[in-house]
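This report refers to the structure that appears directly beneath it.
Residue numbers (UniProt numbering): 1 to 625.
Following this line, the structure appears as structure tokens:
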């Protein structure tokens, strides 16, 4: 495999020696470690060679500390190639191999001074497999946000895996028995240099390697201060971020870790961020329902999902800024409306205002691009779409345009962007409402359809069975639509108004959300119990006795003012709310969507008049303001 291979795997041949021969302990004979050049220039190589010796792998350079024993080098290379077992580790330890050796990893042929970040790892960390091929962050040597002149494949070190999970466990145990201290090598940046250290625990966590995690926890590895509950933030940290199978394993190792050390969930970093902040700032957003599960896990272990960091940003602020729509959706569900629209104490921006700021900047950059550039720079269009989705979700969940800054021209442009998205949000609102109503009435409709077919087939006998020679049972007889009406009333026991809360995204602790939820619940209850069939609920066109088509309106179950007041349906009530928002923010483009020829006149009424007629025939107000 040459250095331009798609992944910088350890080569199938030893760096500078012959092949490995099987030995009695089940491992292979050692590969020789030799000196090689690895700097970007002759001067850099000479300087490096003077202080350290180097083993060159395919696309990756391994740098050893000065005066490293040959046995330690052999142990390092064989661990990376997965060609050693317990007995081999014991033999090399007896020869002077240091199980606590720490090496540096650099990209092949690049001077250390030009490397963005040098990974420093211990032998114990190197022995931990990446069983899911995820390419954890610490194995990406010299990472860059954009690859540039360095193809990403040349910088990703993909080590082979042990033959079995048990063999990995045995090797880790053997290293610890030989003296490797899993708690000795602390994580963090070395001074102000570009050298970053990774503990075995972080390698196990980010590789989603449960077996390695169990070994380390069994040996009481120190975990405090390592921020192990913090997920990688950058997309290059987890190339398989959207691989559902991998994310399932990631979630499991975090569950296992927090079960043993729940206190880790409440650690904070230097910027006062907790694990929820880190999850919310991941780029791109985690998929496969991972974010909701992780947020639930963190909240269960006491993480404050509304905590502000040193810059005044909550996890929702960060998710809105990065366009992490899945995280935004879950946080909006778990947080009260007051926290959904809570301004930062530092920037004074709400999460929606922060998302609008990002979106406005992206629109400006996108507008400046030529047509050809827009075709190639799709990432910008993707970000615009994500931030648009974030703003629309925040609007659904209680964020208000009123709480956005409105001082400068730039503020007003951002408001205009949000107003356009609010118009789109209001245009889909009636469909969301009807989806919720249909979900609540679905069990009743299904049961009524089935029973309407079965009832005419039921046999009965009204005669006294004690009489001699009673008549044979005969099918039930029904008048027109009678069986359907009976089936509908029986099915009414199955309607599920609670399904509305499970499906509807607007929160009941916001004025509009509470108003719509109350209206939907009342509509579903009246539709299920005060009608004789689904036709009365949905309306439509039927053929009258004279053969003419007759239009039946949707259920008009609400009345205005009193028992004899004008009747309106749920569609009119929803459009009334939309008209209120149009007047409040000066919106345009909201489409009525039904009876368009009649205009908005039938939906204009005083909200305080809205009510319904109860079973006793009395008027009951819905208390709508």
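Glycine residues also receive a C-beta, built at the ideal position from the N, C-alpha and C atoms.
None of these values were measured; they are calculated from a predicted model.
Measuring only the C-alpha atoms, how far is residue i from residue j?
| i | j | result |
| --- | --- | --- |
| residue 613 | residue 520 | 16 Å |
| residue 300 | residue 90 | 44 Å |
| residue 178 | residue 95 | 12 Å |
| residue 101 | residue 74 | 12 Å |
| residue 341 | residue 384 | 21 Å |
| residue 303 | residue 266 | 6 Å |
| residue 374 | residue 367 | 9 Å |
| residue 611 | residue 617 | 12 Å |
| residue 256 | residue 380 | 38 Å |
| residue 229 | residue 254 | 7 Å |
| residue 607 | residue 398 | 20 Å |
| residue 232 | residue 401 | 33 Å |
| residue 171 | residue 212 | 10 Å |
| residue 282 | residue 223 | 23 Å |
| residue 323 | residue 247 | 20 Å |
| residue 351 | residue 415 | 13 Å |
| residue 372 | residue 378 | 11 Å |
| residue 364 | residue 410 | 11 Å |
| residue 92 | residue 269 | 39 Å |
| residue 584 | residue 600 | 16 Å |
For residue i, does the count of other Cβ atoms within 10 angstroms reach 16, so buried, or fall short, so exposed?
| i | result |
| --- | --- |
| residue 536 | buried |
| residue 309 | buried |
| residue 129 | buried |
| residue 244 | exposed |
| residue 61 | buried |
| residue 164 | exposed |
| residue 345 | exposed |
| residue 226 | buried |
| residue 330 | buried |
| residue 542 | exposed |
| residue 562 | exposed |
| residue 252 | exposed |
| residue 67 | exposed |
| residue 218 | exposed |
| residue 274 | buried |
| residue 99 | buried |
| residue 315 | buried |
| residue 319 | buried |
Using CA atoms only, rank isn't needed, just tell me which of the options is closest to residue i.
| i | options | result |
| --- | --- | --- |
| residue 568 | 580, 374, 605 | 605 |
| residue 481 | 433, 532, 446, 497 | 532 |
| residue 362 | 515, 261, 417, 555 | 417 |
| residue 108 | 157, 125, 82 | 157 |
| residue 306 | 386, 272, 526 | 272 |
| residue 81 | 66, 124, 131, 161 | 161 |
| residue 85 | 202, 419, 173, 349 | 173 |
| residue 339 | 133, 312, 382 | 312 |
| residue 513 | 319, 432, 106, 411 | 432 |
| residue 110 | 555, 70, 269, 59 | 59 |
| residue 210 | 131, 455, 529, 452 | 131 |
| residue 442 | 201, 538, 224 | 538 |
| residue 564 | 545, 609, 525, 570 | 609 |
| residue 621 | 577, 93, 559, 364 | 559 |
| residue 499 | 487, 121, 220, 517 | 517 |
| residue 555 | 529, 545, 576, 580 | 529 |
| residue 570 | 584, 526, 599 | 526 |
| residue 276 | 262, 297, 287, 260 | 297 |
| residue 449 | 377, 421, 404, 534 | 534 |
| residue 576 | 69, 603, 599, 260 | 603 |
| residue 295 | 268, 320, 326 | 326 |
| residue 124 | 169, 200, 566 | 200 |
| residue 122 | 184, 169, 168 | 184 |
| residue 348 | 405, 105, 447 | 405 |
| residue 250 | 540, 203, 395, 596 | 203 |
Between residue i and chain C, is the shortest Cβ-Cβ distance under 7 Å, so that the two count as touching?
| i | result |
| --- | --- |
| residue 447 | Although the question refers to chain C, the structure presented lacks it and comprises just one protein chain. |
Got a sec: does the ligand FAD put a non-hydrogen atom nearer than 6 Å to the Cβ of residue i?
| i | result |
| --- | --- |
| residue 397 | As far as ligands go, the structure on display features none, and thus does not contain the ligand FAD. |
If you pair each beta-carbon of the region 576–595 with each one of the region 425–436, do three or more pairs fall below 8 Å? Touching, yes.
Enumerated in chain order, which unbroken segments of the beta strand (DSSP E) with a length of 3 residues or greater are wholly contained in the region 544–611? As far as the region 544–611 is concerned, its whole beta strand (DSSP E) runs of at least 3 residues are 549–552, 558–560.
When you compare the region 379–394 with the region 345–358, are there three or more beta-carbon pairs, one atom per stretch, that lie closer than 8 Å? Touching, per the Cβ criterion.
Entirely within the region 231–295 and at least 4 residues each: give me those alpha helix (DSSP H) ranges in chain order. Fully enclosed alpha helix (DSSP H) runs of no fewer than 4 residues occupy 244–260, 275–280 of the region 231–295, in order along the chain.
Between the region 501–521 and the region 317–337, are three or more C-beta pairs nearer than 8 Å? Contact holds between the region 501–521 and the region 317–337, because three or more Cβ pairs, one in each stretch, are under 8 Å apart.
For the structure I just gave you, are there three or more beta carbon pairs, one from the region 344–356 and one from the region 278–294, closer than 8 Å? Verdict: no, contact absent.
Say whether the region 544–558 touches the region 433–448, bearing in mind that this needs 3 or more beta-carbon pairs closer than 8 Å, one atom from each stretch. Between the region 544–558 and the region 433–448, the count of Cβ pairs shorter than 8 Å is below three; the stretches do not touch.
To test your reading of the DSSP string, which unbroken alpha helix (DSSP H) runs of 4 or more residues are found completely within the region 343–417? Those alpha helix (DSSP H) runs which fall completely within the region 343–417 and span 4+ residues are 351–367, 371–376, 378–396.
What ranges does the beta strand (DSSP E) occupy inside the region 61–121, keeping only unbroken runs of at least 3 residues that lie completely in it? List check, beta strand (DSSP E) in window: 102–107.
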